[in-house]
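**Student:** Okay, here's the structure, questions in a sec.
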Amino acid sequence: MPKEPRTCASRKKTTTEERYERLRRVELSGREMPFRCERCEKNNLRCFVDTVSGRCAGCISARCDCELFVPEEEWEKVEQEKRDKELALLRLEEEVARARRELAEIRNRELSFARRDRKLLDASERAQSSESGITGQQPS
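Count along the sequence shown from 1, add 4, and you get the number used in my numbering.
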């Protein structure tokens, strides 16, 4: 008894055909994301995401992982960088505060020198005026 020929409808789809069918279905659904997965961003592709699988059409067809969310390592790297910058900023603010304190101490010393010199000048003027007053009162 001869075998019946298979029809196209009864033929089992290959994984490649399934992948391309899924790709077409995702693209036709029109769910283009306002942001793109890492691969689509890198290759400057439009990113159509399948809400069921959470993967985009480009990643489905390329058989690669679709990273819509920022990887945990990137979050950790950014957090560490932020902590480092905050610490550096605190150190700089501390250095600025120290420099301002030193400047205030220098201004205070400058003011005390000016007061001391003023007292010396006043004393010198009084001494000169009293000498001129004494010499002016003496008969010549």
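Ideal Cβ placement from N, Cα and C applies to all residues, glycine included.
Values in this document were obtained by computation on a predicted structure and should not be read as measured data.
Measuring CB to CB, does C70 end up less than 9 Å from V53?
**Tutor:** It is a contact, given that the beta carbons lie within the stated cut-off.
**Student:** How many whole angstroms separate the CB atoms of R59 and C51, which I take to be in contact at a CB cut-off of 8 Å?
**Tutor:** Between C51 and R59 the Cβ distance is about 10 Å, and since that is not below 8 Å, they are no contact.
**Student:** Look up E135 in the DSSP assignment and say whether it is helix, strand or coil.
**Tutor:** Three-state DSSP puts E135 in a helix.
**Student:** Measure the C-alpha to C-alpha separation of A117 and R102 and round it to an integer number of angstroms.
**Tutor:** The residue asked about is misnamed: residue 117 is Phe in this sequence, not Ala. Approximately 23 Å, taken between the alpha carbons.
**Student:** What is the DSSP secondary structure of C12, reduced to helix, strand or coil?
**Tutor:** A caution first: C12 carries a pLDDT of 42, below 50, which makes its placement in the model unreliable, though a value can still be read off. Three-state result, C12: coil.
**Student:** Comparing alpha-carbon positions, which option in E129, K89, R67, E42 lies nearest R23?
**Tutor:** The shortest C-alpha separation from R23 is found at R67.
**Student:** So if DSSP puts D54 in a beta bridge, which residue, or which two residues, is it bridged to?
**Tutor:** Looking at the DSSP assignment, D54 forms a beta bridge with R59.
**Student:** Identify whether E83 lies in helix, strand or coil by the three-state DSSP scheme.
**Tutor:** Three-state result, E83: helix.
**Student:** Tell me the rounded alpha-carbon separation between R95 and L107.
**Tutor:** Whole-angstrom Cα-Cα distance: 18 Å.
**Student:** For I64 versus L32, is the C-beta spacing smaller than 9 Å?
**Tutor:** Cβ atoms of I64 and L32: not closer than 9 Å.
**Student:** The alpha helix (DSSP H) spanning E42 covers which residue range?
**Tutor:** Here the alpha helix (DSSP H) through E42 covers 42 to 47.
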